[in-house]
Each structure stands twice: as structure tokens, then as C-alpha cells.
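Data first, discussion second: the structure below is written as C-alpha cells.
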Amino acid sequence: MGRLILSVELFCPQCFASSASLLQVLGICSVNRARREPHASLQSASFPPSFHFVCRPIVTKPASQLRVYNTLTKTKEPFEPLSPPAVGIYLCGPTVYAESHIGHMVGPVIFDTVKRYLRYSGYQPTWVVNITDVDDKLINKSKERELPVSQIATEMTADYMANLRELGVNQIDFMPRATDHMPQIIGFIERLIEKGHAYEVDGDVFFDVVKDPNYGQLSNRSVDDQQGEGGEAAAKKRSSGDFALWKSAKPGEISWDSPWGRGRPGWHIECSAMSHEILGKTFDIHGGGLDLMFPHHENELAQSGCCHDAPMVKYWMHNGLMRSEGKGKLGGKGDREESAEEAAAGKISRSKGDGGLSALIRRHTGTRIRFFLLRTHYRSTILYSEAGLEEAGAALDGFYRLFERFEEITGISYYDDDGLKPAKTRSEGEFDPGKDALLEQVHSLREKFVAAMDDDFNTGAAISVLFDWLRLLNRYLNENTLAKGADTSSPEVVALIAAVRSMKELTNVLGLFGKPPVAGGGDEVAQELLDKTIHLLIDLRKEARERKDYATGDAIRNRLGELGVALLDKKEGTSWELT
Numbered sequence: 001m002g003r004l005i006l007s008v009e010l011f012c013p014q015c016f017a018s019s020a021s022l023l024q025v026l027g028i029c030s031v032n033r034a035r036r037e038p039h040a041s042l043q044s045a046s047f048p049p050s051f052h053f054v055c056r057p058i059v060t061k062p063a064s065q066l067r068v069y070n071t072l073t074k075t076k077e078p079f080e081p082l083s084p085p086a087v088g089i090y091l092c093g094p095t096v097y098a099e100s101h102i103g104h105m106v107g108p109v110i111f112d113t114v115k116r117y118l119r120y121s122g123y124q125p126t127w128v129v130n131i132t133d134v135d136d137k138l139i140n141k142s143k144e145r146e147l148p149v150s151q152i153a154t155e156m157t158a159d160y161m162a163n164l165r166e167l168g169v170n171q172i173d174f175m176p177r178a179t180d181h182m183p184q185i186i187g188f189i190e191r192l193i194e195k196g197h198a199y200e201v202d203g204d205v206f207f208d209v210v211k212d213p214n215y216g217q218l219s220n221r222s223v224d225d226q227q228g229e230g231g232e233a234a235a236k237k238r239s240s241g242d243f244a245l246w247k248s249a250k251p252g253e254i255s256w257d258s259p260w261g262r263g264r265p266g267w268h269i270e271c272s273a274m275s276h277e278i279l280g281k282t283f284d285i286h287g288g289g290l291d292l293m294f295p296h297h298e299n300e301l302a303q304s305g306c307c308h309d310a311p312m313v314k315y316w317m318h319n320g321l322m323r324s325e326g327k328g329k330l331g332g333k334g335d336r337e338e339s340a341e342e343a344a345a346g347k348i349s350r351s352k353g354d355g356g357l358s359a360l361i362r363r364h365t366g367t368r369i370r371f372f373l374l375r376t377h378y379r380s381t382i383l384y385s386e387a388g389l390e391e392a393g394a395a396l397d398g399f400y401r402l403f404e405r406f407e408e409i410t411g412i413s414y415y416d417d418d419g420l421k422p423a424k425t426r427s428e429g430e431f432d433p434g435k436d437a438l439l440e441q442v443h444s445l446r447e448k449f450v451a452a453m454d455d456d457f458n459t460g461a462a463i464s465v466l467f468d469w470l471r472l473l474n475r476y477l478n479e480n481t482l483a484k485g486a487d488t489s490s491p492e493v494v495a496l497i498a499a500v501r502s503m504k505e506l507t508n509v510l511g512l513f514g515k516p517p518v519a520g521g522g523d524e525v526a527q528e529l530l531d532k533t534i535h536l537l538i539d540l541r542k543e544a545r546e547r548k549d550y551a552t553g554d555a556i557r558n559r560l561g562e563l564g565v566a567l568l569d570k571k572e573g574t575s576w577e578l579t
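Okay, so the sequence shown: first residue is 1 according to the UniProt record's numbering, each after it adds one.
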């Protein structure tokens with residue numbers, strides 16, 4: 001006799017009890033309450049073979065007016081995740097062959113903020129950022145530095161993560177490395193071959209773009225416009241647009257065993273395999289820079305769709321790039337519609353040597369850089385300049401002065417969430433301003449902030465609201481002559497605390513003002529003096545080592561380490577960073 005399956009939608013524990021009691025009264029089965037794990041979409045109770053009882057928890061969908069620009073459809077769409085409240089997010093991370101530059105922080109800062117806002121709006125986001133730790137660039141750097149690929153990847157991954165911490169990027173849930181996912185990558189390629197979408201030639205495996213009728217849908221390019229790898233690989237391919245899924249090993253290169261011989265994966269297949277492993281066949285948001293739309297994201301989309309017969313992603317979000325030079329006003333419609341080729345032509349990149357990040361953080365602090373990046377809508381081009389960072393620092397100083405005044409009056413630190421107790425979600429933060437004039441204005445500002453973020457995560461407009469908030473509170477303090485020693489139980493101070501608490505709720509969404517300002521950023525003379533002093537010690541250490549006076553060299557290194565300065569010895573010289 002087959003198994004009878006009864007599916008019961010449970011709105012509350014009482015419904016479960018009622019349904020279970022009825023089944024027991026009828027003598028059909030005995031019921032054990034199902035365990036309910038976080039994020040589970042389906043749970044089952046244990047029954048005799050003749051009956052199967054399914055418990056499906058009912059989850060309330062977050063109330064949201066959020067709209068997101070989808071690069072795939074070229075339209076701004078209502079945000080409707082696949083399985084609310086869960087939201088899966090994947091961001092293409094770095095190829096870790098050299099130290100990070102400021103351009104590498106654009107995507108992480110943006111999507112750190114996206115995740116914060118989604119969580120604030122009642123969703124349960126899971127954010128994945130991959131690490132590409134095997135690639136042509138890494139292999140070339142390995143030969144140049146005469147070091148193993150794994151050692152360079154480990155060093156540069158540590159550098160990347162240290163810079164993320166400095167900029168307050170702390171919302172990443174998974175950081176998978178390509179080298180840890182070789183079985184998944186190889187299995188993915190095998191499925192593509194089995195389904196007729198890939199072919200092997202002399203140990204190399206290529207994706208057959210002609211077999212995918214949807215190829216080019218993301219970048220709006222036809223198959224005839226595509227151009228894959230050149231060189232020796234070009235002669236093996238059926239079509240010029242075919243791209244490598246697996247590359248046969250060359251002498252001396254890092255490689256893995258596979259059904260096609262020793263080799264390593266192509267760049268694009270790594271992201272498809274890792275995103276599938278963690279987020280599933282189809283997930284909600286895939287992010288990355290505009291320069292990755294083609295070929296990387298186009299190829300990811302093709303691989304994953306053909307492998308699983310399902311769309312890879314519901315919403316494609318592409319951020320604008322950072323330029324060291326620019327013309328005209330930034331953030332306009334023209335910037336957001338800029339083509340990938342135009343954006344890539346002037347972007348800040350490692351190859352130009354621009355935007356060295358560790359030194360930049362020492363001069364300007366991570367908070368200032370994060371604020372600078374968020375002032376611009378994520379789809380717009382960001383114009384990098386020292387003057388722009390200085391302007392961001394001056395703007396932050398205005399907020400810091402307000403927070404100092406607030407603490408003098410109330411004894412509450414703006415940077416202490418436990419003391420200020422800001423709401424963590426949109427619903428928690430709702431309040432009735434009553435007839436209080438200040439709180440009525442705060443309520444209006446809060447609505448404007450939320451509306452800005454609901455409009456495709458417009459952080460630039462949201463920050464403009466914070467400036468309005470700053471002016472409002474400064475005016476309120478002056479008009480009510482509030483200062484140190486004020487009665488903290490007075491209606492004026494009680495309203496002030498409520499207004500600042502609401503402000504803190506929203507600056508947390510942007511990842512700003514989580515800790516007090518640190519020294520640096522404004523005192524460039526002191527920073528320059530520090531840099532010169534440390535380099536003087538580096539030179540003295542180098543001279544000692546050349547004299548084979550290793551004791552002195554080690555003493556300099558160890559003493560600097562005690563002071564929080566780490567020396568990084570590389571083939572091209574020694575650099576330093578704060579630990």
C-alpha cells in the first residue's frame with residue numbers, strides 16, 4: 001500500500017495541536033511535533049508508514065515598497081524575492097594576486113549596505129562573496145615573485161579582508177575560495193558536457209555558445225559579437241565566442257586531476273559552481289561591477305542556465321565604476337546608462353597603480369572612505385579624488401560635533417547601541433510623533449530616508465536626508481539652549497533622545513558611525529611624518545640585513561610589531577601596515 005500524504009498549512013501552534021488531535025482521535029496515526037529550524041521551508045513529523053504528515057510554517061512576507069533596477073530587463077522592478085523572507089545575494093569578489101585598491105571596495109560597501117537595508121526591511125539575507133585564488137593573473141604573479149600561488153593568494157586575501165574590516169564591511173556570510181570547490185566545479189562541467197553544452201579538446205573544455213539560444217541576453221550582444229580566449233585555445237574552439245571551462249595544465253602550473261587530465265578551472269565556471277553550492281540553482285540577487293557584465297556575468301548566466309534548466313538569478317545589480325578623472329556632473333541618467341566599455345576605459349584599476357588602499361585608509365580612515373562611496377548612487381560613476389575624500393571628511397566632522405554635544409547633554413554615546421537602543425527593523429522603528437514639533441519633523445525625515453532606500457537603494461539621497469537631520473538637530477539644540485547639565489527628564493531632552501535614536505537607527509543601515517572617530521584622516525602632516533619615520537626604520541633594517549646583522553634587523557621588525565606596525569617583505573621591497 002502506498003504512502004498517504006496529507007499536507008497541512010499551519011498558521012499557529014494551536015492549528016498544529018488541533019490537526020494532530022483530530023488525526024489521533026480518528027486512530028490514523030500518532031503525532032510528534034516537528035522541529036522547526038531557522039530558515040526551514042518544510043518540516044516533517046514522524047509517522048507510521050501508512051501516513052505522512054507535513055508541517056509547512058507560514059512566514060509573513062515583509063511589507064516593502066522596494067524597487068530594484070534589474071540589468072537583465074533594463075527596468076526598475078518591485079523587489080519580490082523567490083522565497084521570502086529569505087534573500088540570496090552573490091557578489092563577485094577579487095582575484096587575489098595583488099594588494100587591494102579602492103575600486104575593490106565599491107561593490108563590498110554597496111552590497112554590505114544592501115544587506116543591511118534588506119535585514120532592516122524584515123528580510124533574512126544571505127550574502128556570498130567569492131575569492132578567486134587560482135587564475136592566470138595569480139600564476140603570472142607567482143612566476144614574477146617566485147612564490148607559490150597559494151602563498152600569494154593567502155597574503156592578498158588577508159589584505160583584502162583587513163581592508164573590508166576597516167571600511168565596516170562585516171555582513172558577509174560566506175567567502176568561498178575556488179580551490180576549495182574543485183569537486184563542485186568539475187561536476188558542474190561534467191553536467192554541461194552530458195547535456196551537450198560543452199566539449200573537450202586535448203584536455204581543454206569549452207562552453208559551446210551556439211548551443212545556448214539565450215546567450216548574450218544580459219549584455220545585449222549577439223553570438224557573432226563574442227570573442228573568447230585567443231592564442232593556442234582559439235584553434236581548438238568550434239566558435240570564436242566559446243570560452244574555457246577547464247584549462248589543461250602547462251608545465252610548472254598549479255593543477256588538479258579531472259576526467260580530462262590535469263588542469264584548472266576557467267574563471268567563469270568558478271562563480272557558477274560556488275553560487276550554486278551555497279545559494280542553489282536560482283537565487284535573488286547577483287551583484288558586481290559594470291565591467292563584469294561581459295564576459296564574466298554573461299558566461300555565468302549561460303553556464304548556470306544550461307546546466308540547471310533554470311534561470312540563475314532573478315535580479316542582476318551592476319554598480320558603476322570608479323574613475324580617476326571625469327567630466328560633468330556625476331550621478332545623472334547618462335552616468336547610469338554608461339556602457340561597460342566606456343566605464344572600463346577610465347576605471348581605477350591595479351594596472352594603473354591608482355588608489356593604493358592601505359595608505360589611503362591611513363590618510364582618510366575607513367569611515368570616511370565608506371561615506372565617500374555611499375554619497376553616489378550605486379549605478380553611477382564615482383569620481384575619485386583626494387579633494388572629494390577631504391570634502392567627505394569635513395562633512396563627517398559636522399556629524400561628530402553633533403554627537404559630542406548630544407553626549408554632553410544626555411550622557412549617552414551615539415556610538416553605543418546598548419545605551420541608545422536604536423530599532424533594528426523598519427517596523428520596530430515606527431513611532432507616533434504625537435504633537436511634538438521635533439518628532440513630527442523626525443518622522444517625516446525617516447519616511448524620506450526609507451523612500452530613498454526603497455528607490456533602488458539610493459544611498460546618495462538617503463545621506464542627503466541625514467544632512468537635513470543634522471541641521472534640524474543643531475537648530476533644535478540652539479533654540480532650546482540645551483547644553484551640559486540640562487535636565488535629562490525634561491520634555492526637550494526626552495524628545496532629543498528620541499530624535500537621535502531614530503537617526504542612529506538609519507545610520508546603522510548605512511554602516512556609518514558604528515564607532516567613535518579615530519585619529520588620522522585630517523592630519524596629513526602627521527600621517528606623512530609617520531610614513532617617513534617607518535620607512536627610515538625599514539631602510540635601517542635593510543642595511544643591517546645586508547651587513548648580515550640579522551639581530552638588529554629582527555629587533556627593528558619586532559619593535560615595530562609591538563607598536564602595531566607589521567612589515568611585509570616582498571620581492572619588490574618592504575611595505576608596512578597597521579595591525
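Using N, Cα and C, we set each Cβ at its ideal position, and we do this for glycine too. The structure presented is a predicted model; accordingly, all values stated were derived computationally and were not measured.
- Counting other Cβ atoms within 10 Å of its Cβ, asparagine 130 reaches 16 or more and is therefore classed as buried.
- When DSSP reads this structure, glutamate 77 sits in a beta bridge with Val68.
- Cβ-Cβ distances below 8 Å link leucine 164 to Met105, Pro108, Asn170 and Ile172 in the same chain, with the five nearest sequence neighbours on each side left out; the list follows chain order.
- Per DSSP, glutamine 184 is one residue of the alpha helix (DSSP H) stretching across 182–194.
- When rounded, the separation of the alpha-carbon atoms in valine 493 and glutamate 408 is 12 Å.
- By the 16-neighbour rule on beta-carbons within 10 angstroms, histidine 535 is exposed.
- Look at arginine 221 here: in three-state DSSP terms it is coil, with no helix or strand label.
- The closest CA to that of valine 96, considering only Trp127, Ala178 and Thr73, is found on Ala178.
- Counting along the chain, tryptophan 256 sits inside no alpha helix (DSSP H), nor does DSSP assign it H or E at all.
- A direct Cα-Cα distance of roughly 8 Å separates threonine 459 from leucine 510.
- Annotated three-state conformation of aspartate 112 is helix, per DSSP.
- For asparagine 508, the enclosing alpha helix (DSSP H) starts and ends at 491–509.
- Ranked by how close their Cα comes to the Cα of alanine 555, the residues Ala198, Lys571 and Ile538 have Ile538 in first place.
- By the beta-carbon neighbour count (other beta carbons within 10 angstroms, threshold 16), glutamate 430 is exposed.
- Take aspartate 204, set aside five residues on each side of it, and the residues of its chain with a beta-carbon closer than 7 Å to its own are Ala233, Lys236, Ala244, Trp246, Lys247 and Ser248, in chain order.
- In this structure the stretch 266–276 lies against the stretch 182–198, because at least three pairs of beta carbons, one per stretch, are closer than 8 Å.
- Within the stretch 118–174, the complete beta strand (DSSP E) runs of at least 3 residues fall at 124–129.
- Leaving aside the five residues that flank asparagine 474 on each side, the residues in its chain whose CB is nearer than 7 Å to its CB run, in chain order, Leu402.
- Out of Glu80, Asp133, Glu166 and Val465, the CA that lies nearest to the CA of alanine 452 is found in Val465.
- In the DSSP assignment, glycine 289 forms a beta bridge with Asn319.
- The three-state reading of DSSP puts alanine 423 in coil, since its state is none of H, G, I, E or B.
- Annotation for arginine 67: Lys76, Glu77, Pro78, Phe79, Asp454, Asp455 and Asp456 place their beta carbon closer than 8 Å to its own, counting only its chain and skipping 5 residues before and after.
- In this model, glutamate 253 and arginine 501 are separated by some 56 Å (Cα to Cα).
- In the structure shown, tyrosine 415 adopts coil according to DSSP, grouped into three states.
- Residue pairing by DSSP leaves tryptophan 469 without any beta bridge partner.
- Remark: C-beta atoms of arginine 405 and isoleucine 463 do not approach each other more closely than 7 Å.
- Taking arginine 145 as the centre and dropping the five residues before and after it, the same chain places the C-beta of Lys571 closer than 6 Å to its C-beta, in chain order.
- Measuring C-alpha to C-alpha distances from glycine 573 to each of Arg557, Ile102 and Lys542 identifies Lys542 as the nearest.
- Under DSSP, lysine 247 shares a beta bridge with Arg264.
- Of the other Cβ atoms in all chains shown, 16 or more fall within 10 Å of the Cβ of serine 121; this residue is therefore buried.
- Boundaries of the beta strand (DSSP E) harbouring phenylalanine 207: 204–207, taken from the DSSP string.
- Listed in chain order, the non-local C-beta contacts of arginine 545 below 7 Å within the same chain comprise Gly553, local neighbours out to five positions each way being set aside.
- In this structure, DSSP gives lysine 236 a helical state, which the three-state scheme calls helix.
- A distance below 8 Å between beta-carbons, with the five flanking residues on each side excluded, links histidine 296 to the following residues of its chain, in chain order: Cys92, Trp267, His268, Cys271 and Gly288.
- Burial is judged here by how many other beta carbons sit within 10 angstroms of a residue's own beta carbon; asparagine 478 has fewer than 16 and is exposed.
- In terms of CA proximity to serine 239, Phe206 leads the group Phe206, Gly263, Ile369 and Asp569.
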